[in-house]
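The numbering of the sequence shown is the numbering used here, which starts it at 2 and goes up by one.
Step one of this worksheet: look at the structure below.
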Amino acid sequence: MTPQVAVTGVGLVCALGDDPAAVAARLAAGDTAVGPLGLPGLPDAVGARVPGPSPKELRRWLVRRKDAKLLPRAAELVLPAAGRALGDWPGDREQLGLFFGVRREPPDTGEADAAMVAACVDGRLSPALLAGPGRDLYPPLLPLKTLPNMVLAHVSINLGVMGTGDTCAGGPAAGLTALRAALWAVVEGRCPAALVGAADSHVDGGSVRDRARLRQPGPAGEAAIVLRIEPLGAPGALFHLADLGAGLDAPGDPTRWAHHAGLGDCGVADGLLALALGGPGPVVARDDDGTRAGIARTP
C-alpha cells in the first residue's frame, strides 16, 4: 500500500503573498514578482524578494522580541509560515514532529569580514591568525545565523514544537527529502502529526554572486512553505500526499523541477511549493543516497 498522509494546514510566505490559492491564481495568470534587486555593485541582478515580514509580524511569533536579531533570513520567512500551518492544532506540541529542508549554509552579510581580513596573509588564510586575532574578531552569535539547523531550532523554541524531527540540507531536493522523512514519521506512528517545510533565500548580494559563479540560470527568489501533515482520515484535510517510493520511473531531471517563474528560483523550497500550489505531479526528488523517490499530491 502506498503510504499517504493528509495535509491539514499550509503556511506560505513568498513574493506574491501568503494565500496559497491566490498565489496559485496569480501565477496561472502570468503575474510575476521578479524585478531589479537593487544590490550595490550588482546593477543587473534581478529576483523576487518577499516584502517583509515586518518587525510587528515577527514579534507575533517570537517568545522574546530581542531574538529577532538572531534570525537568519530563512528563519524570518519560516516562522510566520510555520505559525500559520500550525494554526489551532489541538494536539500536544511536545509530540508534534518538526522537519525542515534548508540550504547548505546561508552566507553571512558581512559580519565576519573583519575576522577574515585579520586571519589572512597575502590573500591566504592563516590557521594561526584565524585562531588568534581572527577568533577575537569573529562575532560570537554569528553561528546562530549561519548553521543550517538553526531554522528548525528557532521554530522549535518559539512555537514549542518538541517532537521527533530532522533538518535536511544540501542540494535542491532537501525540501522533499525532509517531506519524505516527515511523511514516514507520521505513517509509522513516531509522531501524531508533523510540521514539515522548506525555506530558502537567494536575493542577498553573496547569494547572487554565488549563483553567477555557479552559472545558475534564472532570477533569484526566496520563500518559505510549511505543511501540517496528519494520518489519513484526519479532519480538515486540504489534500493528500503519497510517497511513490524509490526507483520511480518518471521523466525529467530527478533533482530539479520547474520553479515558478513569477517567484524566481526558491531553491530547496521549490519542491514543496509545487505541491502546495497544486503543481503537476509527481514531483520527483533524489534522496541523499542517490536513489530516486517521488511525492505526489492527490485530492
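Every residue gets a Cβ at the ideal spot worked out from N, C-alpha and C, and that includes glycine.
For V118 versus D201, is the C-beta spacing smaller than 9 Å?
Against a cut-off of 9 Å, the Cβ pair of D201 and V118 comes out as no contact.
Measuring alpha carbon to alpha carbon, tell me which residue in A224, L233, L245, P44 is nearest L278.
Comparing Cα-Cα distances from L278 to each of A224, L233, L245, P44, the minimum goes to A224.
S202, DSSP secondary structure in three states
strand
For A29 and A16, believed in contact at Cβ under 8 Å, the rounded distance:
A16 to A29, Cβ: 16 Å. No contact.
Roughly how many angstroms separate the alpha carbons of G176 and L38, rounded to a whole number?
25 Å
Tell me where the beta strand (DSSP E) around G10 begins and ends.
5–14
Would you say the stretch 81–95 touches the stretch 223–238, given that touching needs at least three Cβ pairs under 8 Å?
yes
Write down the C-beta distance between V1 and L43 rounded to the nearest angstrom, noting that I regard them as a contact closer than 8 Å.
Nothing in the structure corresponds to residue 1, since the chain is present only between 2 and 300.
CA nearest to the CA of R212, picked from A270, K146, D266, P21:
Just measuring C-alpha positions, the residue of A270, K146, D266, P21 sitting nearest R212 is D266.
Work out the CA separation of D123 and A179 for me, nearest whole Å.
Straight-line Cα distance between these residues: approximately 42 Å.
Alpha carbons only, please: which of V204, V197, A243, C121 is nearest the one belonging to I226?
V197
Please report the Cβ distance between G172 and R27, rounded to the nearest whole angstrom; I am assuming they are in contact, meaning their Cβ atoms lie under 8 Å.
Going by Cβ atoms, the distance from G172 to R27 rounds to 28 Å, so no, they are not a contact pair.
Whole-angstrom Cβ separation of A76 and V14, contact assumed at under 8 Å?
Wrong, their Cβ atoms sit about 11 Å apart, outside the cutoff.
Can you give the Cα-Cα distance for F101 and A170, rounded to whole angstroms?
Here the alpha carbons of A170 and F101 stand approximately 8 Å from one another.
Are the stretch 64–80 and the stretch 141–152 touching, with three or more C-beta to C-beta distances below 8 Å?
yes
Taking the C-alpha atoms as reference points, what is the distance between A129 and R214?
Between the alpha carbons of A129 and R214 lies a distance of about 29 Å.
If you check the beta carbons only, do G166 and R85 fall under 9 Å apart?
no
Please classify A194: is it buried, with 16 or more other beta-carbons within 10 angstroms of its beta-carbon, or exposed?
Taking every protein chain shown into account, the CB of A194 has 16 or more other CB atoms within 10 angstroms, so this residue is buried.
According to DSSP, is D123 helix, strand or coil?
coil
State the CB to CB distance for the pair G295 and L242, rounded to an integer number of angstroms; the pair is presumed to be in contact (CB under 8 Å).
G295 to L242, Cβ: 11 Å. No contact.
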